[in-house]
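Q: The structure follows.
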Amino acid sequence: MTVIDDHGRPEPPIAADEVATLLGFLDYQRATFAWKTNGVDAAGLQTTIAASSMTLGGMLKHLALVELWWFSEVLEGNERQPPWSEVDWNSDPDWDWHSSFDDSPDQLRGLWQETVDGSRSLTAAALRSGTGHADLLREAIDGETGE
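For this note's numbering, add 323 to where a residue sits in the sequence shown, where the first one is 1.
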């Protein structure tokens with residue numbers, strides 16, 4: 324049974340296997356970030372403090388890219404899709420951070436939530452396939468799974 328805290332975050336399991344523990348903590352962190360950005364308007368998502376140019380809007384877009392990279396590209400070996408594939412990352416390595424100024428709060432939250440949902444689906448599919456970590460590593464090396 325999943326316990327939900329006062330902020331709507333699922334508590335990670337107290338005692339579980341490695342996969343359930345990892346996914347539990349990942350979902351807790353995702354829910355924490357959703358809570359921190361929920362209801363913040365466009366001006367708030369672009370607010371900076373002190374000398375940092377980091378914004379909550381930039382974090383939303385950056386974390387969407389992080390989800391995409393780890394789960395779609397690294398786990399599944401998929402090619403990067405638009406808008407990410409259209410960026411010249413060599414000339415603008417921080418595009419994800421500053422391009423958020425061009426996006427509405429709904430676009431930013433939607434982009435992040437879409438990639439989180441995609442990450443969950445890809446993870447569930449990988450777990451259903453029975454592919455273990457050793458198989459994933461071996462496949463990344465030479466395409467074999469050791470079967």
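C-beta atoms are modelled at their ideal positions from N, C-alpha and C, and glycine is treated no differently.
The model shown is predicted, which means the values in this text are computed figures rather than measured ones.
1) CA-CA distance, G466 and L398?
2) Locate the alpha helix (DSSP H) running through Q404, then write down its first and last residues.
3) Could you have a look at I337 and say whether DSSP puts it in helix, strand or coil?
4) Under 7 Å, do L386 and W435 count as touching if we go by C-beta distance?
5) What does I327 pair with, by DSSP beta-bridge criteria?
6) Helix, strand or coil: which one does DSSP assign to G433?
7) Looking at C-alpha atoms only, which residue of M377, A449, S376 is the closest neighbour of G400?
8) How big is the Cα-Cα spacing for P334 and F348?
9) Do the segment 417–432 and the segment 347–366 meet, that is, are 3 or more Cβ pairs less than 8 Å apart?
10) For K384 and T344, I'd like the C-alpha separation in whole angstroms.
A: Short version:
1) 13 Å
2) Unbroken run through Q404: none, as it is neither H nor E.
3) coil
4) The answer is yes: Cβ separation under 7 Å.
5) Note: I327 sits in a beta bridge opposite P333.
6) In the structure shown, G433 sits in a helix (DSSP, three-state: H, G or I).
7) A449
8) Note on residue identity: the sequence assigns Glu, not Pro, to residue 334. Computed Cα separation, rounded: 8 Å.
9) Touching, per the Cβ criterion.
10) 26 Å
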